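Novice:
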Amino acid sequence: MSSLSRRSVLKTAALGSAAAIASPYVRGAYAAGSLTLGLWDHWVPGANKALDKLAAEWGEKNKVEVKIDYITSQGEKDKLTAAAEAQAGTGHDIMSHRDWNIRIHQDKLEPLNDIVDGLVKQYGPISPVAEYLAKIKGTWRGIPTTVGSQVKPCCSRFDLYKEHAGLDLRDMFPADEKKWDKAKVDGWTWDAYVTSAQKLHKAGFPIGNPLGQTSDAVDWVGGLFNAYGVVMVDEKDNIKINSDATRQAMEVARKLAEVMPPDVFAWDDAGNNRWLISGKGSGIMNPPSAWAVAKRDNPKVAEQCWTHPVPRGPKGRFVGQLPQFYGVWSFSKNKQAAKDFLTFVSQKNSVAQLVAASVGYDLPSFKSMYDLSTWNDVEPPKGTVYGYPPRGDEQTSITGAPARSEVGAQIYNQAINTVMVSKFAQAKEKLDDVIKWAERELEGTLRA
Amino acid sequence: MADTVQTWGSTVTDKADKPGRLRLLLRRRSTVAFLMCLPLILIIVCLVVYPAFYSIYLSMLNKAQTRFVGFANFTFLMSRETFWMVVYQSTIFAIAAVFFKALIGLITAHLVNNLPVKGQRKWRGMLLVPWVIPLALSTLGWWWMFDPTNSAFNYTLRSLGFEGVPWLSDPYWARFSVILVNVWYGAPFFLIMYLAALKSVPEQLYEAAAIDGANAWQKFIHITLPMMRNIIAITVLFSLIVTFANFDIVQIMTAGGPRNMTHMFATYAFLLGIRSGDLPLGAATSLFMFPILAIAAIFILRGVRKRGREIG
Chain A
354 MSSLSRRSVL KTAALGSAAA IASPYVRGAY AAGSLTLGLW DHWVPGANKA LDKLAAEWGE
414 KNKVEVKIDY ITSQGEKDKL TAAAEAQAGT GHDIMSHRDW NIRIHQDKLE PLNDIVDGLV
474 KQYGPISPVA EYLAKIKGTW RGIPTTVGSQ VKPCCSRFDL YKEHAGLDLR DMFPADEKKW
534 DKAKVDGWTW DAYVTSAQKL HKAGFPIGNP LGQTSDAVDW VGGLFNAYGV VMVDEKDNIK
594 INSDATRQAM EVARKLAEVM PPDVFAWDDA GNNRWLISGK GSGIMNPPSA WAVAKRDNPK
654 VAEQCWTHPV PRGPKGRFVG QLPQFYGVWS FSKNKQAAKD FLTFVSQKNS VAQLVAASVG
714 YDLPSFKSMY DLSTWNDVEP PKGTVYGYPP RGDEQTSITG APARSEVGAQ IYNQAINTVM
774 VSKFAQAKEK LDDVIKWAER ELEGTLRA
Chain B
5 MADTVQTWGS TVTDKADKPG RLRLLLRRRS TVAFLMCLPL ILIIVCLVVY PAFYSIYLSM
65 LNKAQTRFVG FANFTFLMSR ETFWMVVYQS TIFAIAAVFF KALIGLITAH LVNNLPVKGQ
125 RKWRGMLLVP WVIPLALSTL GWWWMFDPTN SAFNYTLRSL GFEGVPWLSD PYWARFSVIL
185 VNVWYGAPFF LIMYLAALKS VPEQLYEAAA IDGANAWQKF IHITLPMMRN IIAITVLFSL
245 IVTFANFDIV QIMTAGGPRN MTHMFATYAF LLGIRSGDLP LGAATSLFMF PILAIAAIFI
305 LRGVRKRGRE IG
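Keeping their order, the protein sequence lines are chains A and B. 354 is the number of the first residue of the first sequence in this note's numbering; add one for each residue after it. 5 is the number of the first residue of the second sequence in this note's numbering; add one for each residue after it.
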């Protein structure tokens with residue numbers, strides 16, 4: 354029977370303290386019990402399960418209980434939850450943030466440079482839009498997610514384009530980038546897009562791009578503006594909307610509005626999807642969600658859909674991108690575990706599972722991951738969403754950039770670009786008056 | 005025996021003789037009333053008073069909520085033309101909707117009041133349905149009927165040989181549509197209030213007027229309306245407050261579009277505060293309703309008090 358003397362207790366305590374001080378990096382995840390996540394509720398049935406599976410796998414390995422609350426973006430409920438948690442200083446450990454929300458909550462989010470820098474070393478350059486939205490004054494306050502991140506390229510009915518506009522989209526953009534013919538790809542310009550839209554309108558199958566004040570509308574008009582080199586506000590707060598580039602882009606927008614359904618001014622983000630799925634529309638600009646719903650609700654339409662790059666303008670080919678981010682609250686009780694989980698879920702192996710579960714809708718922010726097999730395999734028809742990740746000369750963009758992100762957020766959320774188009778094309782206001790109105794509105798955004 | 009005789013108070017101590025202060029306090033009717041109201045008072049303090057003062061505080065901070073800026077958010081808003089468009093639209097929306105709700109409520113209340121007693125309850129129940137259904141749900145139903153591309157109304161119009169109407173894509177039709185839905189939702193409230201008021205008008209007044217040879221219109225103008233003036237004023241005030249602060253209908257049907265031409269204070273505050281991340285500016289926008297409604301409330305309640313004194 355061993356005796357427990359005062360001396361032995363002191364000796365054990367001293368050794369324990371010394372070991373604790375001298376021990377190197379101790380993974381917080383092992384020490385902590387639970388991790389709570391408030392995440393965007395995916396619209397694709399079954400996509401949440403892939404994340405649940407990854408979380409369970411990581412939690413079991415690291416002895417952490419992971420609890421995920423999926424929060425819908427309907428009615429901006431996810432943004433309201435994030436705002437409430439930020440104000441209250443309590444809530445989940447990790448929260449997903451759409452578009453501009455990282456900037457909004459930047460003061461209450463942990464720096465994540467160590468994770469993002471590590472991922473960049475592993476996977477190469479990251480999306481410039483993600484960097485613009487989440488890297489604030491040199492510090493990453495959020496990590497771009499695969500789940501929910503998207504771009505909005507063309508999703509067109511190749512049968513109608515071939516029959517009525519004389520364009521073979523599958524030949525122009527086959528499901529293998531190496532086979533793309535430069536001359537054909539270069540010929541896909543905004544002028545060509547307008548001409549084909551006019552022909553399709555004449556044939557009774559108009560294209561349909563929203564011109565309301567929601568993100569789908571803001572994103573495609575933003576891509577068009579960027580293709581012509583329109584800068585609304587530059588990095589130094591100079592308002593530059595009054596330019597020839599703006600006039601050219603607005604003329605293109607007006608011509609398109611004339612050959613789209615008159616309802617586009619009231620469409621929300623589902624309006625264009627419904628237009629394509631109904632079989633009346635020949636093309637939209639959207640992630641593969643419209644195609645996926647058509648596959649379920651109107652398979653004959655889905656079989657004729659082809660996702661491909663947006664048209665090119667004098668300054669390049671720009672597709673609207675809307676990334677999502679995970680942020681770790683500064684009031685999180687388990688920061689180390691949160692960071693470990695985010696690192697795990699950002700690995701290519703995890704990303705592949707998430708992309709597959711979302712049928713190719715979710716888009717990682719690393720170009721090196723665009724070779725995942727899902728985009729080749731998904732059908733019908735085979736290769737239909739191969740052109741979803743930006744390929745060739747297609748670059749990602751977001752309305753509001755390159756202005757300071759505080760200013761950009763106002764420009765984007767107040768949909769100044771689509772209101773401009775609506776004033777010009779629907780209300781028939783003079784272009785100069787519209788530009789003057791935009792100047793006054795942009796002046797207001799600088800208050801930020 | 006004498007020592008067993010007790011006199012009043014002889015066996016009761018002074019302390020027990022006087023009821024405890026707490027018991028005294030509880031015996032007072034006002035105290036009991038206060039205690040019974042306390043849960044409600046606490047709810048109002050927590051969910052109404054505190055948020056109201058917090059939003060006033062918030063509206064005086066800078067965008068990052070790190071610095072007190074006084075009335076800078078308010079002066080900024082007053083310099084924006086979109087904001088003044090929101091003020092104009094909110095006013096048009098509230099006045100038009102309240103006017104039609106009151107008018108329809110008054111007419112329907114008269115119709116229901118003149119129905120035979122036997123069938124009245126059924127009609128009352130049916131007419132209250134729009135007010136009873138959760139607003140977000142019924143607005144979604146309306147949105148489907150107004151849907152820009154597949155509107156049920158337009159389908160009917162076209163099948164009858166008429167042109168479709170751009171219900172939500174034309175700004176003026178969109179304004180009409182959101183007002184229409186608000187009237188549909190709010191008219192039953194006026195109906196029930198006016199019906200109650202009509203039933204409280206003494207029948208003898210009408211009988212006396214009939215003997216004097218008054219027709220239906222004269223009875224309405226000289227008896228019904230004066231007897232209902234207070235209830236009309238109070239319902240109009242209440243409805244004005246609720247309609248000015250409306251959020252659901254506009255947010256679901258148009259989200260403020262097209263071209264910001266259906267935004268109300270609440271939806272514009274949501275756009276600035278939550279979607280654009282400028283909570284102080286959003287708070288300042290929503291607080292702009294306060295002086296407008298306060299002035300309306302002062303005038304209406306002053307009229308109610310005045311008439312109350314006249315009757316008294």
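Note that CB positions come from ideal geometry on N, CA and C, so glycine has one too. From a predicted model like this one, the values you see are computed outputs, not experimental measurements.
1. So what's B:Tyr-61 in DSSP terms, helix, strand or just coil?
2. Could you have a look at A:Met-448 and say whether DSSP puts it in helix, strand or coil?
3. Would you check if the distance between the CB atom of A:Leu-577 and the CB atom of A:Ala-550 is smaller than 7 Å?
4. Measure from the C-beta of A:Gly-565 to each C-beta in chain B and report whether the shortest distance is under 7 Å.
5. I'd like to know whether the C-beta of A:Lys-432 is nearer than 7 Å to at least one C-beta of chain B.
6. Can you list the alpha helix (DSSP H) stretches of 4 or more residues lying completely in the region 236 to 262 of chain B, in chain order?
7. Can you give me the C-alpha to C-alpha distance between A:Ala-598 and A:Asp-572, rounded to a whole angstrom?
8. Can you give me, in chain order, the residues of the region 407 to 431 of chain A that have a beta carbon less than 8 Å from any beta carbon in chain B?
9. Output the distance between the C-alpha atoms of B:Phe-2 and B:Phe-292, rounded to the nearest integer angstrom.
10. Give the residues of chain B in contact with A:Val-772, contact being defined as C-beta atoms less than 7 Å apart.
11. Mapping the DSSP letters down to three states, classify A:Lys-420 as helix, strand or coil.
12. Within the continuous alpha helix (DSSP H) that includes A:Glu-484, where are the two ends?
13. Quick one: Cα of A:Gly-797 to Cα of B:Phe-248, how far?
14. May I ask you to report which of helix, strand or coil DSSP gives B:Phe-224?
15. According to DSSP, is A:His-661 helix, strand or coil?
16. Relative to chain B, which residues along the region 493 to 506 of chain A have a C-beta separation below 8 Å, given in chain order?
17. Going straight from the alpha carbon of B:Thr-258 to that of A:Asp-569, what length do you get?
18. Please go through the same chain and pick out, in chain order, the residues whose beta-carbon is closer than 6 Å to the beta-carbon of B:Ala-201, but skip the five residues on each side of it.
19. What is the DSSP secondary structure of A:Ser-509, reduced to helix, strand or coil?
20. Kindly indicate if chain A contains any beta-carbon less than 7 Å away from that of B:Phe-224.
21. Who are the neighbours of A:Ser-568 on chain B, taking C-beta pairs under 8 Å?
22. Ignoring anything shorter than 4 residues or poking outside the region 127 to 198 of chain B, list the alpha helix (DSSP H) runs there in chain order.
23. Would you mind listing the alpha helix (DSSP H) stretches within the region 540 to 610 of chain A that are 4+ residues and don't spill past its ends, in chain order?
24. Can you give the beta carbon distance from A:Asn-464 to A:Thr-498, rounded, assuming they're within the 8 Å contact cut?
25. Determine contact between the region 616 to 629 of chain A and the region 639 to 649 of chain A, defined as no fewer than three beta-carbon pairs at a distance below 8 Å.
26. If you measure from the beta carbon of B:Gly-325 to each beta carbon in chain A, is any gap under 7 Å?
27. Buried or exposed: A:Ser-703, going by 16 or more other Cβ atoms within 10 Å of its Cβ?
28. So A:Pro-676 contacts chain D; which residues on that side make the cut at Cβ distance below 7 Å?
29. So, using beta-carbon positions, are B:Ala-288 and B:Ser-63 closer together than 7 Å?
30. Is it the case that the Cβ atoms of A:Pro-676 and A:Ser-642 are separated by a distance below 7 Å?
31. Just checking, does the region 682 to 693 of chain A make contact with the region 503 to 518 of chain A on the three C-beta pairs under 8 Å criterion?
32. Pick out whichever of A:Asp-785, A:Val-672, A:Trp-790 has its Cα sitting closest to the Cα of A:Gly-740.
33. Please report the straight-line C-alpha distance between A:Arg-494 and A:Ile-457, rounded to a whole angstrom.
34. Just the C-alpha distance for A:Asn-466 and A:Gly-561, rounded to the nearest angstrom, thanks.
Specialist: The structure says:
1. Three-state result, B:Tyr-61: helix.
2. Residue state, collapsed to three classes: strand.
3. Taking a C-beta distance under 7 Å as the contact criterion, A:Leu-577 and A:Ala-550 do not qualify as a contact pair.
4. For A:Gly-565, the answer is yes, since a Cβ of chain B falls inside 7 Å of its Cβ.
5. Chain B, which has a Cβ nearer than 7 Å to the Cβ of A:Lys-432, makes this yes.
6. DSSP assignment within the region 236 to 262 of chain B yields the following whole alpha helix (DSSP H) runs of 4 residues or more, N-terminal first: 252 to 257.
7. A straight-line Cα-Cα distance of about 18 Å links A:Ala-598 and A:Asp-572.
8. Residues Gly-428, Glu-429.
9. Here chain B covers residues 5 to 316 and nothing more, so residue 2 of chain B does not appear.
10. Arg-263, Asn-264, listed in chain order.
11. Here A:Lys-420 sits in strand by DSSP.
12. Its alpha helix (DSSP H) spans residues 481 to 487.
13. Rounded to the nearest whole angstrom, the C-alpha separation of A:Gly-797 and B:Phe-248 is 25 Å.
14. DSSP places B:Phe-224 in helix when its eight states are reduced to three.
15. It is a strand residue.
16. Within the region 493 to 506 of chain A, no residue has its Cβ closer than 8 Å to any Cβ of chain B.
17. The C-alpha of B:Thr-258 lies about 15 Å from the C-alpha of A:Asp-569.
18. The beta carbon of B:Ala-201 sits closer than 6 Å to those of Met-232, Ile-235, all from its chain and outside the five residues before and after it, given in chain order.
19. Residue state, collapsed to three classes: strand.
20. Cβ-Cβ to chain A under 7 Å: no for B:Phe-224.
21. Those do not exist, as A:Ser-568 stays about 10 Å from chain B at its closest Cβ, beyond 8 Å.
22. DSSP runs (the alpha helix (DSSP H)) wholly in the region 127 to 198 of chain B: 139 to 150, 156 to 163.
23. Listed in chain order, they are 543 to 555, 568 to 580.
24. The sequence as given places Pro at residue 464 of chain A; Asn does not occur at that position. About 17 Å separates the beta carbons of A:Pro-464 and A:Thr-498, which is beyond the 8 Å limit, so they are not a contact pair.
25. Inter-segment contact for the region 616 to 629 of chain A and the region 639 to 649 of chain A is present: three or more beta-carbon pairs are separated by less than 8 Å.
26. In the structure as shown, chain B begins at 5 and stops at 316. Residue 325 of chain B is therefore absent and cannot be evaluated.
27. With 16 or more other CB atoms across the displayed protein chains lying within 10 angstroms of its CB, A:Ser-703 is buried.
28. In the structure shown, chain D does not exist; the protein chains are A and B.
29. Contact flag set, yes.
30. With respect to A:Ser-642, A:Pro-676 sits apart: the two C-beta atoms are not nearer than 7 Å.
31. No, the region 682 to 693 of chain A does not touch the region 503 to 518 of chain A.
32. Checked all of A:Asp-785, A:Val-672, A:Trp-790; the closest Cα to A:Gly-740 is A:Val-672.
33. When rounded, the separation of the alpha-carbon atoms in A:Arg-494 and A:Ile-457 is 11 Å.
34. For the pair A:Asn-466 and A:Gly-561, the Cα-to-Cα distance works out to about 41 Å.
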